[in-house]
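Protein sequences, first through last, are from chains A and B. Its first residue numbered 1, the first sequence is counted upward by one per residue in our numbering. Its first residue numbered 1, the second sequence is counted upward by one per residue in our numbering. In what follows, a single structure is set out as structure tokens and then discussed.
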Amino acid sequence: VSAVVDFVSSDLEDVAQKCSLSYKALVAVRRVLLAQFSAFPANGADLYEELKSSTAILSTGIPSLDKLLDSGLYTGEVMEIMGAPGSGKTQVCLSIAASACLGLKQHVLFLDSTGGFTASRLHQMLQAETEDEEEQASSLRSRVQVARVFNIYEMLGALQELRDSLSQQVMSCTGPLKVVLIDSVSAVIYPLLGGKQSEGLALMMQLARELKMLAREFSLAVVVTNQVTRDSGAGPLKPALGRSWSFVPSTRLLLESKEVAWEKGGTQRVASLAKSPRQPTGIQVELDIGNGDVQDRSPATTT
Amino acid sequence: KLLARLEGRTSLKDLEPYLFAEEGFPVHGDVIEFHGPEGAGKTEMLYHLVARCILPKSGGGLEVGVMFIDTDYHFDMLRLVTILEHRLAQSTEEMIKQCLGRLFLVNCSSSTQLLLTLYSLENMFCTHPSLCLLVLDSISAFYWIDRSNGGESLNLQEMNLKKCAEILEKLLREYHLTLFATTQTIMQKSTNSAEHSFSPKPLHETDADYRPYLCKSWQQMVTHRIFFSKQSNSGNSKAFSVISCDIKKKHVVKRSFTIAECGVQF
């Protein structure tokens, strides 16, 4: 490609003099090269039309979370769920998967890098949503695709496979894929960071780019989970993976467990909005996690 | 044809007086860099400026065209439409589409593609004299990937960006454009005390976070640098501040703004 760049940036009159091609021919070649390799500008009005028809808002399966997110997950975006281990990130992901495949009849791709995904957990979630055993089983089988990836290369490979199948519009097995869940992204990126090499960061940014492009081009809702760190002992919680990664997701959710005195054996899960393109940040809602199931907290159950 | 090009460009002087230390900015040929950490309001500010440009004169806008180059797939069309809807007295679909018709959006996935795209955009600027504003969000998106691809040689690493800077300069000059570009604060500021004593000129507090990392050609092109940061003191999580520096005249001004449903408000 560097040859293309050199050609395009060179003075064509100069080149015409040095070789036997005519100036006109060179201009034509340049035009073709640019048409092939450069990006094409789209008009705002056209883009808006397209987006109106292709963007969907998907429910997470947890009503209070949906409200926090201004109705739910927007396709075309990457959302990050951050929290300490055990704060419920995988649970929320499973809830999203269950809601998507059962309620919305969408297909889901789940990339698991922690080994936290088990079919039985998802089955439990589906059981909570519907009584129909047949529907549960068929949902699981046909609509949820799980891939276990344990390093960055496997993850990039899985995403490439996804891209290929979506581009060819092989609808039979993936169907209308709308949700991609990655639990967790920090597990595959952590080994790359640290030290002075920039290759790790470059790989991370490559993954970031791929996720965003997939979300945009194929109107998917991409959800990733991440760990949290603090700047100093008592500083505020912030997402792991550093500054460069922090620019990547458009929405960020923080999950925390708070000790609740009046509930027996009670820890309450709280979700707060840390970053959003459309809502003010800092709002918090409560989630209820118990029995491997995430429900909205209803007043009737408090003692 | 040359004259038509020059005459057709409207001035952007009244674009957003709060952003600049002095009156009468920006003028064409200016390069304004928005710098700040994530969540500091840079993208919202860009939406605010884009809205100002594409709204019709009757709606308080400048009615000029904008070319928006998005390198991190960050642009949120629905958010822009919400802002437009809030600013138009009567926002019909027709009017929104008319405004959006003045906006052009390009996505680039690598610095090489960015470079080639800039070459092909020349044609666009030639045929659309209403295009006055060029936005590049963000110009630092390929930093790590370029660094890794360039291997050991700093020259190779910076090559693409250097060429982009050159062609940007040419476009700004020939087509009388103004460029707004965002860069992200991705470097840790050094806590080494020795470096403090070497720091060139003590600019204002928030500037300590700024470590230039893009190539020299870009640094030298910038005429105004505006630092964005979140105000962490007040309980209000929606307050942000900007520090605007005019590089040549060394004027600095600090302003604050909030982000509401209708966009940026000073």
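We put the beta carbon where it would ideally sit given N, CA and C, even for glycine.
Closest residue to residue i among the options (Cα-Cα distance)
i: A271/A; options: V228/A, L254/A, L73/A; result: L254/A
i: H35/B; options: G101/B, P212/B, Q231/B; result: P212/B
i: F218/A; options: I189/A, S54/A, A100/A; result: S54/A
i: S91/B; options: C132/B, I226/B, P56/B; result: P56/B
i: Q145/A; options: L159/A, I152/A, A39/A, N151/A; result: L159/A
i: N151/A; options: I182/A, K178/A, L162/A, Q168/A; result: I182/A
i: T112/B; options: L21/A, L34/A, V29/A; result: L34/A
i: S142/A; options: R163/A, L166/A, L177/A; result: L177/A
i: V81/B; options: T71/B, A165/B, Q184/B, I96/B; result: I96/B
i: I145/B; options: H128/B, S153/B, Q157/B; result: Q157/B
i: Q227/A; options: K105/A, S87/A, D46/A, Q91/A; result: S87/A
i: H107/A; options: E77/A, L220/A, G282/A, K258/A; result: L220/A
i: L111/A; options: K105/A, L102/A, L94/A, P63/A; result: L94/A
i: F267/B; options: E44/B, G29/B, L171/B; result: A query on residue 267/B cannot be resolved here, the shown segment of chain B reaching from 1 to 266 and no further.
i: Q273/B; options: E16/B, V31/B, P37/B, G29/B; result: The structure shown does not extend to residue 273/B, since chain B spans only 1 to 266, so no value can be given for it.
i: K230/B; options: K250/B, L214/B, R255/B; result: R255/B
i: L161/B; options: G59/B, E169/B, K249/B, C215/B; result: C215/B
i: A45/A; options: M77/B, F266/B, C164/B, K250/B; result: M77/B
Contact under 8 Å by Cβ, residue i with residue j
i: M79/A; j: A98/A; result: no
i: T178/B; j: D137/B; result: no
i: V66/B; j: I54/B; result: yes
i: Y143/B; j: K212/A; result: no
i: R87/B; j: C262/B; result: yes
i: P41/A; j: V106/B; result: yes
i: L156/A; j: E199/A; result: no
i: A208/A; j: V149/A; result: no
i: V27/A; j: Y119/B; result: no
i: V290/B; j: F180/B; result: With chain B covering only 1 through 266, there is no way to say anything about residue 290/B.
i: V5/A; j: L116/B; result: yes
i: I139/B; j: C108/B; result: no
i: S113/A; j: V32/A; result: no
i: S71/A; j: I186/B; result: no
i: R237/A; j: R230/A; result: Reading off the sequence shown, one finds Leu at residue 237/A, where the question assumed Arg. It is a contact, given that the beta carbons lie within the stated cut-off.
i: V264/B; j: E33/B; result: no
i: S217/B; j: E166/B; result: yes
i: K275/A; j: G41/B; result: no
i: F240/B; j: I226/B; result: no
i: T90/A; j: G115/A; result: no
i: A215/A; j: G76/A; result: yes
i: E16/B; j: L62/B; result: no
i: M204/A; j: L192/A; result: yes
i: E256/A; j: G83/A; result: yes
Bounding residues of the alpha helix (DSSP H) (the contiguous stretch that carries residue i)
i: R52/B; result: 42 to 54
i: Q91/A; result: 89 to 98
i: K238/A; result: Per DSSP, K238/A belongs to no alpha helix (DSSP H); it is in the beta strand (DSSP E), 237 to 239.
i: C164/B; result: 154 to 175
i: G157/A; result: 152 to 167
i: H86/B; result: 77 to 87
i: G242/A; result: 242 to 246
i: I96/B; result: 93 to 100
i: E217/A; result: 199 to 218
i: E63/B; result: Per DSSP, E63/B belongs to no alpha helix (DSSP H) and is neither H nor E.
i: S68/A; result: The identity of residue 68/A in the sequence shown is Leu, whereas the question assumes Ser. From DSSP, the alpha helix (DSSP H) with L68/A extends over 63 to 68.
i: Q113/B; result: 111 to 127
Cβ-Cβ separation, residue j to residue i (assumed contact under 8 Å), whole Å
i: V223/A; j: I81/A; result: 7 Å
i: I96/A; j: Y74/A; result: Not really, about 13 Å apart at Cβ, beyond 8 Å.
i: T251/A; j: L51/A; result: In fact, because the Cβ distance is near 17 Å, the residues do not count as touching under 8 Å.
i: N43/A; j: F125/B; result: That pair is no contact at about 15 Å.
i: L273/A; j: Q279/A; result: 6 Å
i: T71/B; j: L114/B; result: 6 Å
i: S148/B; j: R102/B; result: About 38 Å separates the two Cβ atoms, so there is no contact after all.
Near the ligand PLP: residue i beta-carbon under 7 Å from a heavy atom
i: Y23/A; result: The model depicted lacks the ligand PLP and carries no ligand whatsoever.
Endpoints, the beta strand (DSSP E) within which residue i is located
i: S310/A; result: Nothing about residue 310/A can be read from this structure; chain A reaches only from 1 to 303.
i: M79/A; result: 77 to 83
i: R278/A; result: Run containing R278/A: none; DSSP gives neither H nor E here.
i: D183/A; result: 177 to 183
i: A35/A; result: A35/A -> not in any beta strand (DSSP E); alpha helix (DSSP H) instead, spanning 23 to 37.
i: L103/B; result: 103 to 107
i: S229/B; result: 224 to 230
i: S112/A; result: According to the sequence as given, residue 112/A is Asp; it is not Ser. Residues 107 to 112.
i: Q265/B; result: 263 to 265
Checklist entry - Of all the residues that make up the segment 130 to 154 of chain B, which are near chain A by a beta-carbon distance shorter than 7 Å? => result The segment 130 to 154 of chain B vs chain A, Cβ under 7 Å: W144, I145, R147, S148.
Item to check | Members of the segment 212 to 232 of chain A near chain B, C-beta cut-off 7 Å | outcome: Result list: K212, M213, R216.
Next on the checklist: To be precise: take each residue of the segment 154 to 172 of chain B, compare its Cβ to all Cβ atoms of chain A, and keep it if any distance is under 7 Å. Which residues remain?
Outcome noted: Listed by position along the chain: K163.
Checklist entry - Using a beta-carbon distance cut-off of less than 9 Å, what residues from the segment 81 to 104 of chain B approach chain A? => result Residues V81, T82, I96, K97, Q98, C99, L100, G101, R102, L103, F104.
Checklist entry - For the segment 26 to 41 of chain B, which residues have a CB atom closer than 9 Å to at least one CB atom of chain A, in sequence order? => result Going along the segment 26 to 41 of chain B in chain order, one finds P37, E38, G39 with a Cβ nearer than 9 Å to chain A.
Next on the checklist: To be precise: take each residue of the segment 60 to 74 of chain B, compare its Cβ to all Cβ atoms of chain A, and keep it if any distance is under 8 Å. Which residues remain?
Outcome noted: Listed by position along the chain: M67, D72, Y73, H74.
Item to check | Short-range partners of chain B found in the segment 200 to 211 of chain A, where Cβ spacing is below 7 Å | outcome: Considering only beta carbons, the part of the segment 200 to 211 of chain A lying closer than 7 Å to chain B consists of L201, A202, M205, Q206, R209, in chain order.
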